[in-house]
């Protein structure tokens with residue numbers, strides 16, 4: 001397919017470097033990574049995606065996909081045709097079957113709102129701005145219902161995908177179990193997903209919110225949190241956050257330049273106040289938003305940032321929170337650490353996250369906690385080659401600690417780094433599927449799993 005044919009076949013915008021709108025089309029949420037592809041195809045439907053893939057194949061170029069830009073991996077260069085999906089925003093909720101079909105550019109906020117209108121809930125991420133497809137292809141850890149129902153990927157019924165040959169396919173566990181397996185957890189290595197169909201759950205409200213403590217109580221709150229998670233039933237999904245807020249005008253005055261500790265939780269039981277009583281006793285509570293809330297309000301549990309910025313991210317997967325783990329977290333992120341790490345988020349997994357799904361996928365199950373460490377980089381400042389967040393995760397797990405497809409950062413984008421996100425059997429199965437469906441590794445601008453030579 002020639003460039004004129006591409007322009008004729010695509011309904012959405014086709015932008016080359018220097019064209020008006022090119023920079024804005026390639027913009028991302030975390031500006032630690034930026035993109036400069038050969039051309040951007042602003043897909044409006046699956047046929048636009050097919051045209052872009054066929055064009056890349058004809059031109060012997062690679063394919064990169066920018067769903068929403070929240071999950072950076074590596075900078076896309078002029079070797080690649082970039083597909084953006086933000087114009088593909090169709091959402092259909094079926095109240096009778098308790099399912100949803102969403103297109104590739106849909107954000108979780110749209111699905112939460114549509115499902116809540118009929119008394120249902122999806123396994124949504126923490127931010128309403130996060131894209132459904134990219135989140136789900138890595139597994140998808142719901143901050144509200146995850147321990148009760150598992151990963152978002154566990155409840156996908158069908159995947160609509162354009163493969164490297166330019167064909168559009170509807171993949172189910174029955175039609176092609178190997179391709180279905182690799183799509184869910186394989187993070188876009190075998191095609192461009194244009195739509196997903198997945199289960200919704202009959203949940204209309206839950207006990208949820210957060211408790212905020214002064215950073216001086218960090219040790220006591222962390223110990224109380226560990227006791228809470230050790231005894232937690234599957235109805236409780238939670239995390240603890242150490243936040244060193246900057247001394248800036250937009251930050252509430254009582255938090256400026258200080259460490260705060262937040263415990264965020266969502267609970268499907270009826271005894272929420274009794275459950276969190278030991279946490280409330282761990283130290284003076286600065287703010288308490290725990291209440292029975294409608295599912296439509298779950299974004300308020302975390303109140304994630306909405307504006308783009310630059311940050312360096314690192315992750316560590318933990319089997320337990322041992323005394324030495326707590327000591328290391330407090331040393332590098334606690335009240336006496338100096339605030340070099342902006343945020344540390346420790347999420348409790350287990351529960352339904354640890355159980356195999358009805359239809360096998362590539363998401364790993366053998367993780368008890370996921371730790372996310374983030375350092376905000378001021379505008380114009382160089383990215384640090386190493387920072388305290390890297391030191392924290394390295395000390396907790398060592399250089400070869402296990403990773404997880406839902407928790408990968410640009411620092412993990414090497415073949416060796418991605419390899420750590422899977423057990424041996426899963427990784428070899430993924431390579432087999434990759435070799436069958438993308439033997440030339442056209443889809444490599446991601447957390448890449450290379451085909452066998």
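Residue numbers (UniProt numbering): 1 to 453. Beta carbons are placed, not taken as given, at the ideal position from N, Cα and C, and that holds for glycine. The structure displayed is predicted, hence computed values, not measured ones.
- Taking a contact as a CB-CB distance under 8 Å, the pair residue 219 and residue 334 counts as one, their CB atoms being some 7 Å apart.
- Here residue 325 really is in contact with residue 396; their C-beta atoms are around 6 Å apart, less than 8 Å.
- Taking C-beta atoms under 8 Å as the contact rule, residue 193 and residue 161 qualify, at a distance of about 5 Å.
- Excluding sequence positions up to five before and after residue 212, its CB lies within less than 6 Å of the CB of 260, 262, 286, 287, all in the same chain and listed in chain order.
- In the pairwise beta carbon analysis, the segment 146-156 is classified as touching the segment 355-363: at least three pairs are separated by under 8 Å.
- Per DSSP, residue 19 has no beta bridge partner at all.
- Annotation: residue 203 to residue 450 spans about 40 Å, alpha carbon to alpha carbon.
- Inside the segment 69-154, DSSP marks whole alpha helix (DSSP H) runs of 4 or more residues at positions 108-116, 132-137, 146-149, from first to last along the chain.
- Residue range 424-437 is occupied by the alpha helix (DSSP H) that includes residue 429, with no beta strand (DSSP E) assigned at that position.
- By the neighbour-count definition (other C-beta atoms within 10 Å, threshold 16), residue 60 is an exposed residue.
- For residue 36 and residue 17, the gap between their C-alpha atoms comes out near 8 Å.
- At a Cβ-Cβ threshold of 8 Å, residue 182 and residue 433 count as neighbours.
- For residue 315, the enclosing beta strand (DSSP E) stretches over residues 311-318.
- In this structure, DSSP gives residue 240 an extended state, which the three-state scheme calls strand.
- One alpha carbon belongs to residue 81, the other to residue 363, and they sit about 28 Å apart.
- Scanning its chain for C-beta atoms nearer than 7 Å, with the 5 sequence neighbours on each side dropped, one finds around residue 113 the residues 296, in chain order.
- Within the segment 339-390, the runs of beta strand (DSSP E) that reach at least 3 residues and sit entirely inside it are, in chain order, 343-348, 369-376.
- In the displayed model, residue 214 falls within a strand according to three-state DSSP.
- In this model, residue 186 and residue 137 are separated by some 6 Å (Cα to Cα).
- Between the segment 228-245 and the segment 345-355, the count of C-beta pairs closer than 8 Å reaches three or more; the two stretches touch.
- Look at residue 293 here: in three-state DSSP terms it is strand.
- Two segments are said to touch when three or more pairs of C-beta atoms, one from each, lie closer than 8 Å; by this definition the segment 165-184 touches the segment 421-439.
- Under the DSSP assignment, residue 331 falls in the alpha helix (DSSP H) whose first and last residues are 323-333.
- The shortest C-alpha to C-alpha distance from residue 129 to any of 306, 167, 388 is the one to 306.
- Excluding the 5 residues flanking it on each side, residue 75 has same chain C-beta neighbours closer than 8 Å at 33, 34, 35, 36, in chain order.
- Here the C-alpha atom of residue 390 lies approximately 29 Å from the C-alpha atom of residue 145.
- For residue 414, the secondary structure class from DSSP, reduced to helix, strand or coil, is coil.
- In this structure, the alpha-carbon of residue 188 lies about 22 Å from that of residue 14.
- For the pair residue 311 and residue 376, the CB atoms are nearer than the 8 Å cut-off.
- Assigned with DSSP and collapsed to three states, residue 34 falls in coil, not helix or strand.
- Residue 398: not part of any alpha helix (DSSP H); DSSP gives it neither H nor E.
- Nearest C-alpha to residue 328 among 270, 398, 147, 271: 398.
- Contact between residue 200 and residue 268 is ruled out by a C-beta separation of about 15 Å, above the 8 Å threshold.
- DSSP places residue 180 in the uninterrupted alpha helix (DSSP H) bounded by 177-183.
- Taken atom to atom, the span from the alpha-carbon of residue 25 to that of residue 292 is near 40 Å.
- A straight-line Cα-Cα distance of about 18 Å links residue 317 and residue 341.
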